[in-house]
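Participant:
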Amino acid sequence: MLLDILVGLLVLLVGAIAMTGVFYCFTMVPYVPTSSKVSRQMVDFAGLKGGETVYDLGAGDARLLIEAKRVHRGITAKGYEISPVVYLLGLYHVRRSKLPIHFSFGNFFHRDVSDADCIFLYLMPEVMGKLAEKFDRELKPGTKVISNVFRFKDRSPVGTREVEWISGKRKLWMYEWPAKSS
Ligand SMILES: C[S@@+](CC[C@H](N)C(=O)[O-])C[C@H]1O[C@@H](n2cnc3c(N)ncnc32)[C@H](O)[C@@H]1O
């Protein structure tokens with residue numbers, strides 16, 4: 002009986018890892034959560050106000066959305082996550098936080114984000130160019146975009162902040178859309 006349960010759990014674990022791998026091949030962005038300390042710094046850096054609408058695109062386990070909503074109760078927090086296993090983990094965290102957060106399963110490239118006042122990103126250099134084109138089409142003037150580590154090539158940031166990382170220091174980049182060419 003115990004062996005059956007253990008084998009079942011092992012199968013589930015291997016399935017979850019395999020499925021995460023499949024979605025990584027598709028998006029080329031792995032699930033690497035921002036540390037709690039850096040999440041707090043990102044939210045602080047964003048200088049969120051009143052009733053702003055805040056997104057995390059590729060929201061992972063929803064920790065950034067939870068931190069933002071915990072500190073700024075007036076905001077609307079929204080996020081998309083494409084990897085099913087990671088999404089379920091995020092959904093669990095959102096439910097446990099008891100905070101009203103719009104956390105959805107899906108590909109953010111297929112969702113409209115034109116209501117954003119602030120967008121958090123922690124993705125990969127490969128997708129930043131395509132995302133800049135999406136932002137050029139959709140974002141209203143003055144929308145803040147905060148990217149952890151990776152910058153937009155050929156776009157000028159309006160601010161940076163250095164944060165502690167496991168291996169030394171990394172940067173947060175702040176852009177204001179429409180971001181000027183550098
Ligand atoms: C590096 S993790 C960051 C997670 C979270 N934003 C954080 O800072 O803790 C990037 C996440 O983006 C997700 N992702 C990548 N491409 C995506 C897409 N097109 N649509 C939705 N989610 C995506 C990945 O599955 C992964 O969980």
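Residue numbers (this note's numbering): 2 to 183. Just so you know, even glycine gets a beta-carbon here, dropped at the ideal spot from N, CA and C.
(1) Taking the CB atoms as reference points, tell me whether VAL55 and ASP118 lie closer together than 8 angstroms.
(2) Are there 16 or more other CB atoms within 10 angstroms of the CB of SER182, so buried, or fewer, so exposed?
(3) Return yes when at least one heavy atom of ligand 1 lies under 7 angstroms from the C-beta of ASP57, else no.
(4) Does ligand 2 have even one heavy atom less than 7 angstroms from the beta-carbon of GLU82?
(5) Compare the Cα-Cα distances from PHE151 to each of MET129, TYR88 and LEU13 and report the closest residue.
(6) Using beta-carbon positions only, say whether GLY91 and ALA60 come within less than 8 angstroms of one another.
(7) Can you determine whether any heavy atom of ligand 1 sits closer than 7 angstroms to the C-beta of GLY61, and answer yes or no?
(8) Using only the alpha-carbon positions, how far apart do ALA63 and MET125 sit?
(9) For GLU147, count neighbouring C-beta atoms within 10 Å of its own C-beta (all shown protein chains included) and say buried if the count is 16 or more, exposed if not.
(10) With a floor of 4 residues, list each alpha helix (DSSP H) that falls wholly inside the stretch 2-75, ordered by position along the chain.
(11) Quick check on LEU100: does DSSP put it in helix, strand or coil?
(12) Round the Cβ separation of TYR81 and LEU58 to the nearest angstrom and send it over; I've been treating them as touching at under 8 angstroms.
(13) Do you know how far the Cα of SER98 is from the Cα of ARG71?
(14) Starting from ARG162, trace the beta strand (DSSP E) in both directions and tell me its first and last residue.
(15) Name the two residues that bound the continuous beta strand (DSSP E) containing MET125.
(16) According to DSSP, is ALA78 part of a helix, a strand, or is it coil?
(17) Going straight from the alpha carbon of ILE67 to that of HIS103, what length do you get?
(18) Indicate whether THR35 and MET43 have their beta-carbon atoms separated by less than 8 angstroms.
Facilitator: Reading from the atomic positions:
(1) ASP118 is positioned such that its CB atom lies closer than 8 angstroms to that of VAL55.
(2) exposed
(3) yes
(4) The ligand content of the structure shown is limited to ligand 1, which means ligand 2 is not among them.
(5) Per the Cα distances, MET129.
(6) yes
(7) yes
(8) 18 angstroms
(9) According to the sequence shown, residue 147 is Ile rather than Glu. By the 10 Å Cβ count, ILE147 comes out buried.
(10) 3-28, 37-47 and 64-72
(11) coil
(12) 6 angstroms
(13) C-alpha separation (whole angstroms): 9 angstroms.
(14) 160-166
(15) Looking at the DSSP string, MET125 is not in any beta strand (DSSP E), and its letter there is neither H nor E.
(16) strand
(17) Whole-angstrom Cα-Cα distance: 10 angstroms.
(18) Closer than 8 angstroms, so yes.
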